[in-house]
Amino acid sequence: MLGLVSLLMDISSEMITTLLPLYLVSGLGASALAIGFIEGFSVFIATATKLFSGYFVDWSHRAKPLAVLGYGLGALSRLIFPLAATIDQIVLAKAMDRVGKGIRGTPRDAIIAAVSPAEIRGAAFGLRKSLDTVGGFLGPLIAVALMLILAGDIAAVFWWAAVPAALAIGVLVLFVREPAQGLDAKSEAFSLRRAISLNRGVWTVIGLAGLIMLARFSEAFVLLKSLDAGFSPAYVPLAMVVMHAVYGLAAYPVGKIADRVGAAGLLATSLAFLGLAHLLLSVADNVPLFLAGTIFWGLHMGFSQGLLGALIAVKTSACLKGSAFGTFNMVTGVVVLVGNLAAGWLWTTGGSQLPFQIGAGIACAAMLVTLALRKSLVLR
203 MLGLVSLLMD ISSEMITTLL PLYLVSGLGA SALAIGFIEG FSVFIATATK
253 LFSGYFVDWS HRAKPLAVLG YGLGALSRLI FPLAATIDQI VLAKAMDRVG
303 KGIRGTPRDA IIAAVSPAEI RGAAFGLRKS LDTVGGFLGP LIAVALMLIL
353 AGDIAAVFWW AAVPAALAIG VLVLFVREPA QGLDAKSEAF SLRRAISLNR
403 GVWTVIGLAG LIMLARFSEA FVLLKSLDAG FSPAYVPLAM VVMHAVYGLA
453 AYPVGKIADR VGAAGLLATS LAFLGLAHLL LSVADNVPLF LAGTIFWGLH
503 MGFSQGLLGA LIAVKTSACL KGSAFGTFNM VTGVVVLVGN LAAGWLWTTG
553 GSQLPFQIGA GIACAAMLVT LALRKSLVLR
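Take the sequence shown: its letters are residues 203 to 582, numbered as in the working numbering.
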């Protein structure tokens, strides 16, 4: 049910996300640097919120109320986007959406960790990611269809994005239950000192995730690159269709494989895919090259995102899972803010090739670090 909630909310998110860079550039006159700031700042808000959300989950032993609040804020933000006439109003809508995302992400992951047996934890997180990316596949397709039906009216598409968000709230309220066990962890009382310090294994995963996120900036820059490759604005969302189709098909089977063989080799492979994606996108001046880069980007996501969440779950005691996921998301959010600002500045000052070229170099460095840490990246 949480996977279905993620699917519906991601349909709504992608209907907006895939068109927002074009709306900012063509409708509001924003620069690549401004887009980098908006994307990075919104992720930072979400992930900073996840930290406090995680502490609350561990302290209260309740997760569903926070999840409902977070998804509800995301749904309400959908009503702001079509009314926004300035960049400030877009920032407000994104901030509201990301606060909601920050509130809901940690309790959702804590519920999954609580109800997943250790022997299938990788598969459980992979399944949630796969269903989430089905939404990432369907959302851009719906956006393309509506752009054609509505004669390119982006604001009207934004209005339609409120529908799947409302359905997500309905599924969450009616069909997701608080776990009967796992979140209460009565044997160990919540301690803020322990929640802040965590353990070495968790910090190892968090540090590696930060390096990976530095190598992978926002997909908004991939969407902007599609214009260089020859896409017309109405078909730009198809780039996300391809990416999320590959992502969704890979995440669940990769999670199952990781339960048997460990995560290190799969994470290293994901970074090889990311480096190749960056190199292809840096030179993409036609549709085939651009699509090849997008496919490898999707493979990177499918081979990495579910595994990082599963590793955090494995390395953390039951009473601190919310805190661990919150810290994980806050640190990676700071990195994403810095990375997106840097990518926007590099794009503005050095052209569209430069951020992808530097991203390829960071991906290669992250792959070497992953292989060096392989003994720490086990899922049991």
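Glycine included, each C-beta is placed from N, C-alpha and C at the ideal position.
query	result
Return the CA-CA distance between R280 and S434, expressed in angstroms with no decimal places.	25 Å
Using 10 angstroms around the beta-carbon of P366, count the other beta-carbons present and answer buried if the total reaches 16, otherwise exposed.	buried
In this structure, how does DSSP classify I282 when only helix, strand and coil are distinguished?	coil
To the nearest angstrom, how far is it from the Cα of V438 to the Cα of G546?	19 Å
Buried or exposed: V463, going by 16 or more other Cβ atoms within 10 Å of its Cβ?	exposed
Indicate the three-state DSSP secondary structure (helix, strand or coil) for T488 in the structure shown.	Sequence check: residue 488 is Asn here, not Thr. Reduced to three states, the DSSP call for N488 is coil.
Taking V533 as the reference, give the member of D487, L410, S506 and F423 with the closest Cα.	L410
Thinking just about the alpha-carbon of each residue, which of M442, N531 and P223 is nearest to the one in I414?	N531
Our contact map puts M349 next to V336 with C-beta atoms below 8 Å; I'd like the distance itself, whole angstroms only.	21 Å between Cβ atoms; not a contact.
Quick check: what's the CA-CA separation for A315 versus K303?	18 Å
Which residue from I218, T219, R306 and S233 puts its Cα closest to that of F258?	R306
Can you tell which of I247, I497 and L329 has the C-alpha that lies nearest to the C-alpha of L482?	I497
Closer than 6 Å by C-beta to F283: which residues in its own chain qualify, once you throw out the five before and the five after it? Chain order, please.	I218, A295 and F360
Mind checking whether F423 and G541 have CB atoms under 7 Å apart?	no
Should L570 be labelled buried (16 or more other beta-carbon atoms within 10 Å of its own) or exposed?	exposed
Residues in its own chain within less than 6 Å of R310 by CB, not counting five upstream and five downstream?	L204 and A269
Does DSSP put A431 in a helix, in a strand, or in coil?	coil
Return the first residue and the last residue of the alpha helix (DSSP H) that I322 is part of.	Note, I322: premise wrong, no alpha helix (DSSP H); not H, not E.
Can you tell me whether DSSP reads A387 as helix, strand or coil?	Bear in mind that a pLDDT of 49 at A387, under 50, signals an unreliable position, so the model cannot answer this.
Which term fits K523, buried or exposed, when burial requires 16 or more other beta carbons within 10 angstroms of its beta carbon?	buried
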